[in-house]
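Each remark here refers to the structure printed beneath this line.
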Amino acid sequence: LFCITFLSLLLPNPTYFWAWKSQLSQPVADLVLRNGVIYTSDDSLPFADSMAVANGRVLRVGNRSFFQELEGYGTQVLDLGGKVVVPGFLDSHVHFIDGGLQMMQVKLRGVNKKEEFIRRIKDAAQSTKQGSWILGGGWNNDLWGGDLPAASWIYDVTPNNPVWLSRVDGHTGLANSVALVLAGITNLTDDPRGRTILRTANGEPPGVLIDSARTLVTSKIPEDSVDDRREALLRAGNLALTRGVTTVLDMGRYYRCDNKVSHALSEWIYIGGVKAFSDGSLGSNSALLYEPYVDHPDNYGVQVIELEALLNMTLESNLNGLLLLLVVIHAIGDKANDLILDMYVVCDSKSQMAQVGRL
1 LFCITFLSLL
11 LPNPTYFWAW
21 KSQLSQPVAD
31 LVLRNGVIYT
41 SDDSLPFADS
51 MAVANGRVLR
61 VGNRSFFQEL
71 EGYGTQVLDL
81 GGKVVVPGFL
91 DSHVHFIDGG
101 LQMMQVKLRG
111 VNKKEEFIRR
121 IKDAAQSTKQ
131 GSWILGGGWN
141 NDLWGGDLPA
151 ASWIYDVTPN
161 NPVWLSRVDG
171 HTGLANSVAL
181 VLAGITNLTD
191 DPRGRTILRT
201 ANGEPPGVLI
211 DSARTLVTSK
221 IPEDSVDDRR
231 EALLRAGNLA
241 LTRGVTTVLD
251 MGRYYRCDNK
261 VSHALSEWIY
271 IGGVKAFSDG
281 SLGSNSALLY
291 EPYVDHPDNY
301 GVQVIELEAL
311 LNMTLESNLN
321 GLLLLLVVIH
331 AIGDKANDLI
341 LDMYVVCDSK
351 SQMAQVGRL
């Protein structure tokens, strides 16, 4: 779990702003915004008409008459013409790098017909080297009537390439026949706790893997290079900025953590906490419930981890007291939420150091 800030414009606190201003030796703004309606989030000055920025930081917010001294050679002056400026939005739950990587993969979001699903995979296969993985995501079976896709759909169009296609919720995926062979998944493969291999009436796996079972295939996919992940981060960041999002909490792993690291990785990235899963999702029929799913009366969802293991992880989240981390636990179903809330009570009684506070 990481917090990433992109070009965050930090408004100075009015209690120390003028003291700070006096210490600056004639700062020159990179950008001055004029003639706008600028929301400051400051009760003493809710709105202003001008703002000066330098090196990604706000120098001054106020009335236009106080900004001339900040303008110099190279300062860009932008007349907003009465347009509104607000602080950047913060998205508190994204899968940022994964999303950036998916932007370069087969896009299946919005597909509402089986034929279109197959066509997009066929097109990708025609431009992919034999033996290389075809990756994609975003499909939603609810858009074409509810039936889950199967490896048989794309058997003829991907005879020489392993394929992995994630559902829109990220808790289910489709592997083609080549990928199933690479993963060693057959009708004899067992379902350990938290792993669901969908099967036909005769026990054969049609290629749909739910929650932890996905790792049987995803562990066979070559790791993305550092450069690829860096490009994905920049790609996702640029998209976020076009939507006005300047800070995100990424539910992903950037590197292996140990007790020698600090929260801050750079000026723009720091560790926000650790994340764990207790169950799956409603869209994949794997959220842990007290009552069975209406369309699957024998299915109550999946508990993806032993509660004792999750408890120990939570208690150890402070890493021997050297690095206090916020624990964020994914819990969708009503039973999963009760289990985790009860576990938090136990954590609080066992250790005041365990920082728990989010489901």
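First residue of the sequence shown? That's 1 in the working numbering, and the numbers climb one at a time after it. For every residue, glycine included, the Cβ atom is placed at its ideal position computed from N, Cα and C.
From the listed residues Lys-335, Met-313 and Asp-334, the smallest Cα separation to Val-328 is found for Met-313.
Listed in chain order, the non-local C-beta contacts of Asp-279 below 7 Å within the same chain comprise Ser-286, Ala-287, Leu-288, Gly-301, Val-302, Gln-303, Val-304, Ala-331, Ile-332, Gly-333 and Ala-336, local neighbours out to five positions each way being set aside. Inter-residue distance for Gly-283 and Lys-350 is about 35 Å (C-alpha atoms, whole angstroms). In the structure shown, Ser-278 falls within a coil segment according to DSSP collapsed to helix, strand and coil. Within the same chain, and ignoring the five residues on either side of His-93 in sequence, the residues whose Cβ sits closer than 8 Å to its Cβ are Leu-249 and Met-251. With contacts defined by Cβ atoms closer than 7 Å, Asn-161 and Ala-125 form a contacting pair. The way I'd put it, the region 226-240 does touch the region 96-114; three or more beta-carbon pairs between them come closer than 8 Å.
In the structure shown, the three-state DSSP call for Ser-212 is helix. According to the DSSP assignment, Phe-89 belongs to the beta strand (DSSP E) that extends over 89-94.
Your pair Asn-35 and Gly-82 checks out as a contact, with CB atoms roughly 6 Å apart and the cut at 8 Å.
Sequence-distant partners of Glu-116 (beyond 5 residues in either direction) whose C-beta falls short of 6 Å from its own C-beta are missing from its chain. The straight-line gap separating the alpha-carbon atoms of Ala-175 and Ile-97 is approximately 22 Å. Between Val-157 and Ala-183, the beta carbon gap of about 20 Å keeps them out of contact (Cβ cut-off 8 Å). Within its own chain, the residues whose Cβ lies closer than 8 Å to the Cβ of Leu-143, once the five positions on either side in sequence are excluded, are Gly-110, Val-111 and Asn-112, listed in chain order.
If you draw a straight line from the Cα of Lys-107 to the Cα of Arg-120, it is about 8 Å long. Only residues of its own chain outside the window of five on either side were considered, and among them Pro-162 and Ile-221 have a CB closer than 6 Å to the CB of Trp-133, listed in chain order. Under the DSSP assignment, Gln-76 falls in the beta strand (DSSP E) whose first and last residues are 76-79. Shown here, Gln-126 sits in a helix according to DSSP, grouped into three states. Annotation: the continuous alpha helix (DSSP H) that includes Ala-309 extends over 307-315. With respect to the 7 Å criterion, Leu-315 and Met-343 are not classified as neighbours on the basis of their beta carbons. With a threshold of 16 other beta carbon atoms within 10 Å, Pro-205 meets it and is buried. Under the 8 Å Cβ criterion, the region 63-71 counts as touching the region 39-50, having at least three qualifying pairs. Here Gly-56 is not near Thr-246, since their CB atoms are 7 Å or more apart.
For Met-51, the pairing in a beta bridge is given by DSSP as Leu-33 and Val-61. Residue state for Val-28 is assigned as coil, using DSSP reduced to three classes. When only Cα atoms are considered, His-95 and Asp-224 end up about 15 Å apart.
Within the same chain, Cβ atoms closer than 6 Å to the Cβ of Val-77 are found at Val-32, the five residues on either side in sequence being excluded. Nearest neighbour of Gln-68 by Cα position, chosen from Ser-41, Gln-105, Val-37 and Asp-30, turns out to be Asp-30. Taking the Cα of Ser-166 as reference, the smallest distance to any Cα among Asp-191, Ser-127, Asp-338 and Gln-105 is reached at Gln-105. Pairing Val-181 with Pro-159, the inter-Cα distance amounts to about 12 Å. Per DSSP, Gly-301 is not a residue of any alpha helix (DSSP H), being assigned neither H nor E. For the set Gly-170, Tyr-290, Ile-197 and Gln-130, the Cα lying nearest the Cα of Ala-151 is the one of Ile-197.
Ala-52 has its alpha-carbon roughly 58 Å from the corresponding atom of Val-294. Per the coordinates, the alpha-carbon of Gln-130 lies some 45 Å from the alpha-carbon of Glu-308. Considering only Glu-71, Trp-153 and Leu-80, the residue with the shortest C-alpha distance to Lys-114 is Trp-153.
The C-beta separation of Leu-70 from Val-37 comes to about 20 Å, leaving the pair out of contact by the 8 Å criterion.
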